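> Dumping the structure here so I can ask a few things about it.
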Amino acid sequence: MTTENHENAPLHVHIEPTSLCNLRCPTCYNEFLPARRRGSLSLNDYLRLLANLPTVNDVSLLGLGEPFMNPELLSMAEETKSRGITVRTATNGTLMERYDPVRTLNAFDEIVFSIDAADAELFASVRKGADLAVVSNNMANLAATRKREGLATLLTTNTVLSQANRDQIAGLFELAKSLGVAKMRFVMAGDLASRKEAAMQVHRKRLLAMRIEEAGIEQSLADEVKALGASSGIPASFAGNAPYAPDCWWPLRGAYISHDGGVTPCCMRMDPDDYGFGNALEQPMSEIWNSPAYARFRRELATGGIPEVCEGCP
Ligand SMILES: C[S@@+](CC[C@H](N)C(=O)[O-])C[C@H]1O[C@@H](n2cnc3c(N)ncnc32)[C@H](O)[C@@H]1O
Ligand code: SF4
């Protein structure tokens, strides 16, 4: 992904293939989504979005839902790659057996597996509805296929840290090593819920109770990730609780697009009803990107301010 700033259009987008999900992870607000926010993107609409995003060079087929629940996901990724655009997804890893592994690997530059525990019992509670044996078997199958076919697709992991799994880091490195994971990311559970939905307050309360707020613990987790990254040889990053704004580059170069075309500034603010600047299935993206409200928001962030949208992130 290029890192240069771009005034006139986004270079990187997250596009939500679906907001449907087969799990109920307690850190995630998916289960509290209102019915009107549930749905999936069609391949035809995805192609319309790509045509509306001529400056984009990097797409994450990722949003608030499980991407592999959309049967057209691989076609979307293939269409993206065929245009010379980098494409990745993130998955709960439970549904891979529905797809041919060679096709899955060929479709993406990177597949991120969300793995929040190495202990099977804990995994079942922090990834509610999933079974660690199934997920790690699916990862192992893709890793073996990748090796056999000599493919370059990166298989990586993302772990959301909370009070529930803060003792899992060493076990996660062992699991990653056994599966040949190329890179690991650790993030603290953040407050991504929308402000408007009353039901979200139930999620927010649960999330706040799970969050690691003690600075000393955060530092020791960061140190642990760093040390295990060095000793295991697996590159690993750690994102703590420090507010992303005003140093957040994301909305200056990127945007988030929901399955029904709603454009928000980033993947931490995924509700177009709350944070939306327009609809990319109904308007030219350049018109949305350069609208006075969106331009004002980016200017405020770029000049060291903390726009209202960014308050409380992560
Ligand atoms: C919303 S999920 C969608 C993709 C897919 N269903 C999955 O689980 O990977 C995208 C990522 O957000 C992570 N996530 C869930 N709750 C989070 C939170 N409160 N803060 C930060 N990341 C979170 C998930 O673990 C996952 O890695
Ligand atoms: S984190 Fe992913 S798998 Fe878990 S509920 Fe949210 S969208 Fe579904």
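Taking the numbering used here, the leading residue of the sequence shown gets 84, the next gets one more, and so forth.
We put the beta carbon where it would ideally sit given N, CA and C, even for glycine.
Since the model is a prediction, treat every value here as computed from it, not as a measurement.
1) Could you please give me the residues that DSSP links to Ser143 through a beta bridge?
2) Below 8 Å on the Cβ atoms is my contact criterion, and I expect Val209 with Gly176 to pass it. Report the Cβ-Cβ distance as a whole number of Å.
3) On the DSSP bridge list, what partners appear for Phe321?
4) Can Val270 be considered in contact with ligand 1, in the sense that its beta carbon sits closer than 7 Å to one or more heavy atoms?
5) For Asn241, report the span of its beta strand (DSSP E) as first-last.
6) Any chance the CB of Thr169 is under 7 Å from a heavy atom of ligand 1?
7) State buried or exposed for Asp199, treating a residue as buried only when at least 16 other CB atoms are found within 10 Å of its CB.
8) CB Ala319 to CB Met267, shorter than 8 Å?
9) Considering only heavy atoms of ligand 1, does any lie closer than 7 Å to the CB of Val264?
10) Considering only the alpha carbon of each residue, which of Phe321, Glu370, Gly337 and Ser314 lies closest to Phe269?
11) If you draw a straight line from the alpha carbon of Ala227 to that of Ser158, how long is it in whole angstroms?
12) Straight-line CA distance for Cys349 to Phe380?
13) Cα-Cα, which of Met353, Pro334 and Trp332 is closest to Ile340?
14) Suppose contacts are defined by Cβ-Cβ distances below 8 Å. Is Leu387 in contact with Pro329 by that definition?
15) Under the criterion of a Cβ to heavy atom distance below 7 Å, does Arg294 qualify as lining ligand 2?
16) Following the continuous beta strand (DSSP E) through Gly337, name the residue where it begins and the one where it ends.
Reading from the atomic positions:
1) Counted from its first residue, the sequence shown places residue 143 at position 60. Looking at the DSSP assignment, Ser143 forms a beta bridge with His97 and Arg171.
2) Sequence index remark: in the sequence shown, residue 209 carries index 126 (1-based). Sequence index remark: in the sequence shown, residue 176 carries index 93 (1-based). The Cβ separation is near 13 Å, so there is no contact.
3) Sequence index remark: in the sequence shown, residue 321 carries index 238 (1-based). In DSSP, Phe321 forms a bridge with Phe269.
4) On the sequence shown, position 187 is the one that residue 270 refers to. Indeed, a heavy atom of ligand 1 lies less than 7 Å from the Cβ.
5) In the sequence shown, the residue the question calls residue 241 occupies position 158. From DSSP, the beta strand (DSSP E) with Asn241 extends over Leu237 to Leu244.
6) What you label residue 169 is simply residue 86 of the sequence shown in a count that begins at 1. Result no, Cβ not under 7 Å from ligand 1.
7) Along the sequence shown, read from residue 1 onward, the residue named residue 199 stands at position 116. Buried is the call here.
8) Along the sequence shown, read from residue 1 onward, the residue named residue 319 stands at position 236. Along the sequence shown, read from residue 1 onward, the residue named residue 267 stands at position 184. Against a cut-off of 8 Å, the Cβ pair of Met267 and Ala319 comes out as a contact.
9) Taking the first residue of the sequence shown as 1, we reach residue 264 at position 181. Residue side-chain check: Val264 keeps its Cβ at 7 Å or more from all non-hydrogen atoms of ligand 1.
10) The sequence position of residue 269 within the sequence shown is 186, counting from 1. With respect to the C-alpha of Phe269, the residue from Phe321, Glu370, Gly337 and Ser314 having the closest C-alpha is Phe321.
11) Here residue 227 refers to the residue found at position 144 of the sequence shown. Here residue 158 refers to the residue found at position 75 of the sequence shown. For Ala227 and Ser158, the distance between alpha carbons rounds to 23 Å.
12) Against the sequence shown, residue 349 aligns to sequence position 266. Against the sequence shown, residue 380 aligns to sequence position 297. Each residue's alpha carbon lies about 12 Å from the other.
13) Taking the first residue of the sequence shown as position 1, residue 340 is located at position 257. Minimum Cα distance to Ile340 is reached at Met353.
14) Translated into positions along the sequence shown, residue 387 becomes position 304. Translated into positions along the sequence shown, residue 329 becomes position 246. The sequence given here places Gly at residue 387; Leu does not occur at that position. In terms of Cβ geometry, Gly387 and Pro329 form a close pair [threshold 8 Å].
15) Position 211 of the sequence shown holds residue 294. Result no, Cβ not under 7 Å from ligand 2.
16) Here the question's residue 337 lines up with position 254 in the sequence shown. DSSP places Gly337 inside the beta strand (DSSP E), whose first and last residues are Gly337 to Ile340.
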